[in-house]
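S.K.: Before we start, here is the structure in question, set down as structure tokens.
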Amino acid sequence: MKKDSQHQDFVLLLILFVAFRVMTLLLLRPGGYIADYSEYNTGYLAFARWSDKGLYPFIHYWLEWPPLFPWLVVGAYRLSLLVPPWVDPRLWYDIFLGLALLFFETGNLVVIYLLALELYDKGKAFKSALIYTLLFTPLYFWLGWLDSMPLFFLLLGLYLLIRQRATSAGIALGLGFMIKITPAIIVAVGWKALNSL
Numbered sequence: 000m001k002k003d004s005q006h007q008d009f010v011l012l013l014i015l016f017v018a019f020r021v022m023t024l025l026l027l028r029p030g031g032y033i034a035d036y037s038e039y040n041t042g043y044l045a046f047a048r049w050s051d052k053g054l055y056p057f058i059h060y061w062l063e064w065p066p067l068f069p070w071l072v073v074g075a076y077r078l079s080l081l082v083p084p085w086v087d088p089r090l091w092y093d094i095f096l097g098l099a100l101l102f103f104e105t106g107n108l109v110v111i112y113l114l115a116l117e118l119y120d121k122g123k124a125f126k127s128a129l130i131y132t133l134l135f136t137p138l139y140f141w142l143g144w145l146d147s148m149p150l151f152f153l154l155l156g157l158y159l160l161i162r163q164r165a166t167s168a169g170i171a172l173g174l175g176f177m178i179k180i181t182p183a184i185i186v187a188v189g190w191k192a193l194n195s196l
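Those letters in the sequence shown? Residues 0 to 196, by numbering that gives the first Met the number 0.
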């Protein structure tokens, strides 16, 4: 089998995954049930708006999140101010933040596929990716919370540990830790793996 066509089913799934999420982001009206109960607008937007007064996270005030995500939120908010407002003023902010997090959400799908390829055959790897694609919970969390970002670094760190690339895994987990402390749980797995060598 040609190397190009070896993963064509996964590439098609990846395209459908991204297209579905982009259309969801663009067509679900901000202010609907998901937007009203998401951290995009109830938690993150509040501190992003402080940048209108020249106040920035970890320079002028402290937040309970590690620094990388708050800066992404402020960047998405500042970028949204450059676009003419729409009916709902949160629209462009929601779209820019959602698109930034889509990169990590798509990375989650790719790393799940790669992890399953390491552990199983191509058929089971595709099924693993398909299951993630069809689950509602990752979509729901991507639309309103930061969790796709630290999950990406947690999965990437695990994948790199399985590939025995400890330094790269440490960098991935360190970046994940600078978003949310959750990826640090993989450090115990890495420590055990290193001690068993």
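Ideal Cβ positions, reconstructed from N, Cα and C, are used throughout, including at glycine.
1) Terminal residues of the continuous alpha helix (DSSP H) containing Q7?
2) Ignore the nearest five residues each way along the sequence and tell me which others in K123's own chain have a CB closer than 7 angstroms to its CB.
3) Within the chosen definition, does the region 126-142 reach the region 168-187 through at least 3 CB pairs nearer than 8 angstroms?
4) By DSSP's criteria, P56 is part of a beta bridge. Which residues make up the other side?
5) Under a Cβ-count criterion, where at least 16 other Cβ atoms within 10 Å of its own Cβ denotes burial, should F152 be classed as buried or exposed?
6) Tell me which residues share the same chain as W85 and place their Cβ nearer than 8 angstroms to its Cβ, disregarding the 5 neighbours each side in the sequence.
7) For L103, which residues in the same chain have their Cβ closer than 6 angstroms to its Cβ, ignoring the five residues on either side in sequence?
8) How would you call A171, buried or exposed, if buried means at least 16 neighbouring beta carbons within 10 angstroms?
9) DSSP three-state label for P84, please.
10) Restricting to Cα atoms, I'd like to know which of Q163, L145 and G97 is closest to L67.
M.R.: Walking through what the data contain:
1) Q7 to L26
2) A115
3) no
4) Y60
5) buried
6) W91
7) Checking the sequence, you will find Phe at residue 103 rather than Leu. Around F103: S147, M148 and F151.
8) buried
9) coil
10) L145
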